[in-house]
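J.:
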């Protein structure tokens, strides 16, 4: 047994280092963050308090343990838009986990306070966990889900946009990979032109890949004309809004507890007509608060600049309206057309919002490192839906795009009168194209065999949803019949309407659940112009193709020219109890394609 040291020896021995208080560690990290920002050339007006707070903590005079992360976010000044023809993304550096010059050196198109006004953080635990993984150099999967804006409309992904700047998803991905090189983040763009949240929710397994972080963009368009805008309601109670809530729930219920960020886009001229509060974003923000989602708002960030017509935020015109004429370099538009943001301006602001959200979360982790309090309890259920009964669907079967083409197979031969056609051939990317089976003569017939069973449903019937094109010129009508293996009541679909728009609509037929259900779609011989009032009656054997948000019918006038064109774009089988496209909702617009209004 070793002898105990003498008192003199103990007194002479070197003392172990005293533990560093946690607050001091946080202050050191905050100070390092400040130095990193300075090294990156980031302007920080009004940041003297944050610097002095860190110094006072180091000297022991600062006793408060409460430091707001917002006070550490740089209050930068906005920069002017870059050259639309030159996009220079940051490049990932080798050998570093975090590149401070990229993480903190971003230049934004709006001021710091405008960004802060546009962001709400909700329950930040899910997002903090994913940003902590990025800081640690761990791989993170990001998936953006939305309609045409997410798909890149207004950016270089779409032809004729007169810019080298991509959409916001690609811009954010470039920054994310350069800021966190070791993480090598995977960013997947699941945007589909004109696809509403209800379709993503019902076809989640087919359309939405697994992710650690979801970006959800669904605020631009309600699927109705502005006069019937759902955003006039203060409640989440319309088919489009109900679908968005179910999509949020599907995302949040994933077993890995992903972060979900609501990215809200705003169409100044259409559909919101220059009215700040006229947007479905109002309801989405309610959903975000209810489920604790971080949210970012283009409307809140850019509104004052829109009204002022600042460079990069001119909403009095659009790139498309210049018709190829030179764009004024000191007054660039915010939008490519009346709906879609432009790559170097509107899309850049959307990317700015996501960047600042990650920056702020990274700073919060500097002040308060990840702990057990950030864990989402395993098995913790979501609260009941905002709208009673609006639960997400666990099983569904969807055939869209190429899957629908394969489902139909060789039955759409030249003799059938239907052909698989892309009605937007100029679009370079598949998701921007408009594919479907198209017929242009009466008597054309298309047949396919579909499994009308869904999961463990024991209902006597399920819901077969067909996606078809509705337009105002040259459209015909078709009959849907169950031919073999299953039973359903014949359904007539009229694809002609008065709206000066071409949209993908949905029609529903109640069908018995069978493994082999043979369905036929036949174009009818209706060649005269229509001037009668048309209303929908889902499941009753007739359908006009009209859309209504409040139960009123849409009148088809004589200005709508009848023809024989009929386009079928997809099929879904849903359980009988689901809300989407229910009879009370009539034939709601749920998969609208991009269109140009004509007056």
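Residue numbers (mature numbering (1 follows the signal peptide of the UniProt record, and there is no 0)): -40 to -1, 1 to 559. C-beta atoms are modelled at their ideal positions from N, C-alpha and C, and glycine is treated no differently.
Grouping DSSP H, G and I as helix and E and B as strand, with all else coil, what is residue 432?
T.: In the structure shown, residue 432 sits in coil (DSSP, three-state: anything other than H, G, I, E or B).
J.: Mapping DSSP to helix, strand and coil, what is residue 425?
T.: Here residue 425 sits in strand by DSSP.
J.: Taking three-plus beta-carbon pairs below 8 angstroms as touching, is the region 72 to 79 in contact with the region 141 to 158?
T.: They do not touch, by the three-pair rule.
J.: Locate the alpha helix (DSSP H) running through residue 74, then write down its first and last residues.
T.: It spans 72 to 78 - the alpha helix (DSSP H) in which residue 74 sits, taken as one unbroken run.
J.: Buried or exposed: where does residue 280 fall if 16 or more other Cβ atoms within 10 Å of its Cβ makes it buried?
T.: Flag for residue 280 reads buried.
J.: Looking only at its own chain, which residues have a Cβ that is under 8 angstroms from the Cβ of residue 269, when we skip the five neighbours before and after it?
T.: Closer than 8 angstroms at the Cβ level, and outside the excluded window around residue 269, lie 275, 276, 291.
J.: Going by beta carbon distance, what residues of the same chain come within less than 6 angstroms of residue 113, once the five residues before and after it are set aside?
T.: These residues qualify, in order along the chain: 300.
J.: Can you give the Cα-Cα distance for residue 341 and residue 80, rounded to whole angstroms?
T.: About 23 angstroms.
J.: Just to confirm, is the Cβ distance from residue 413 to residue 475 under 8 angstroms?
T.: Contact flag set, yes.
J.: Select from 204, 218, 213, 360 the residue whose C-alpha is nearest the C-alpha of residue 243.
T.: Nearest option by C-alpha distance: 204.
J.: For residue 135, I'd like the list of residues in its chain whose CB is within less than 8 angstroms of its CB, leaving aside the five on either flank, ordered along the chain.
T.: Taken in chain order, the residues that qualify are 49, 50, 62, 66, 311, 315.
J.: Cα separation between residue 345 and residue 484?
T.: Spanning the two alpha carbons is a distance of roughly 42 angstroms.
J.: Starting from residue 172, follow its DSSP beta bridges and name the residues at the other end.
T.: Per DSSP, none; premise fails for residue 172.
J.: Between the alpha carbons of residue 337 and residue 38, how many angstroms are there, rounded?
T.: Those two C-alpha atoms are separated by around 40 angstroms.
J.: What do you get for residue 303, buried or exposed, if any count of 16 or more other CB atoms within 10 angstroms of its CB means buried?
T.: With 16 or more Cβ atoms within 10 Å of its Cβ, residue 303 is classed as buried.
J.: Let me know if residue 26 comes out buried or exposed under the rule of 16 or more other beta-carbons within 10 Å of its beta-carbon.
T.: Because residue 26 sits at a pLDDT of 33, beneath the cut-off of 50, its placement in the model cannot be relied upon, and the following sentence gives the value as read from the coordinates. Exposed, since its Cβ has fewer than 16 Cβ neighbours within 10 Å.
J.: Pick helix, strand or coil for residue 87, following the three-state DSSP scheme.
T.: The answer is helix: DSSP assigns residue 87 an H, G or I state.
J.: Please report how far the alpha carbon of residue 471 lies from the alpha carbon of residue 455, in whole angstroms.
T.: So the alpha carbons of these two residues sit roughly 22 angstroms apart.
J.: Report all residues from its chain with a CB closer than 6 angstroms to the CB of residue 331; omit the five preceding and five following residues, and keep chain order.
T.: No residues qualify anywhere along the chain.
J.: What would DSSP say about residue 144, mapped onto helix, strand or coil?
T.: Three-state DSSP puts residue 144 in coil, outside helix and strand.
J.: Could you have a look at residue 98 and say whether DSSP puts it in helix, strand or coil?
T.: Of the three classes helix, strand and coil, the one that applies to residue 98 here is coil, per DSSP.
J.: Using the C-alpha atoms, what's the distance from residue 352 back to residue 366?
T.: Distance between the alpha carbons of residue 366 and residue 352 is about 27 angstroms.
J.: Judging by CA-CA distance, which residue of 241, 158, 227, 466 is the nearest neighbour of residue 273?
T.: Answer by Cα proximity: 227.
J.: Distance, Cα to Cα, residue 463 vs residue 93?
T.: If I take the Cα positions, the gap works out to 42 angstroms.
J.: Give me whichever residues DSSP pairs with residue 532 in a beta bridge.
T.: According to DSSP, residue 532 bridges with 358, 425.
J.: For residue 454, which beta-bridge partners are listed by DSSP?
T.: Per DSSP, 437.
J.: How about residue 436 and residue 523: are their beta carbons less than 8 angstroms apart?
T.: Cβ distance < 8 angstroms, so residue 436 and residue 523 count as in contact.
J.: According to DSSP, is residue 330 part of a helix, a strand, or is it coil?
T.: It is coil, neither helix nor strand.
J.: Just mark residue 533 as buried or exposed, buried being the case when its beta carbon has 16 or more other beta carbons within 10 Å.
T.: Looking at its Cβ environment, which holds 16 or more other Cβ atoms inside 10 Å, residue 533 is buried.
J.: Applying the 10 Å Cβ sphere with the 16-neighbour rule, what's the burial state of residue 215?
T.: Residue 215 should be labelled exposed.
J.: So, at 6 angstroms on beta carbons, what are the nonlocal neighbours of residue 149 in its own chain, with the 5 sequence-adjacent residues on each side left out?
T.: Counting only Cβ-Cβ distances below 6 angstroms, and skipping sequence neighbours, we find 104, 129.
J.: Going by beta-carbon coordinates alone, are residue 323 and residue 261 separated by less than 8 angstroms?
T.: No. Outside cutoff.
J.: Kindly provide the ranges of any alpha helix (DSSP H) runs that are 4 or more residues long and lie completely inside the region 201 to 255, ordered along the chain.
T.: Qualifying alpha helix (DSSP H) stretches, in chain order: 241 to 251.
J.: If you run the structure through DSSP and keep just helix, strand and coil, what is residue 280?
T.: Looking at residue 280 - three-state DSSP - the assignment turns out to be helix.
J.: With a threshold of 8 angstroms on Cβ separation, who are the neighbours of residue 384 within its own chain once the five nearest residues in sequence on each side are excluded?
T.: Counting only Cβ-Cβ distances below 8 angstroms, and skipping sequence neighbours, we find 392, 393, 394.
J.: What residue from 465, 457, 450 has the CA that sits closest to residue 478's CA?
T.: Ranking 465, 457, 450 by Cα distance to residue 478 puts 450 first.
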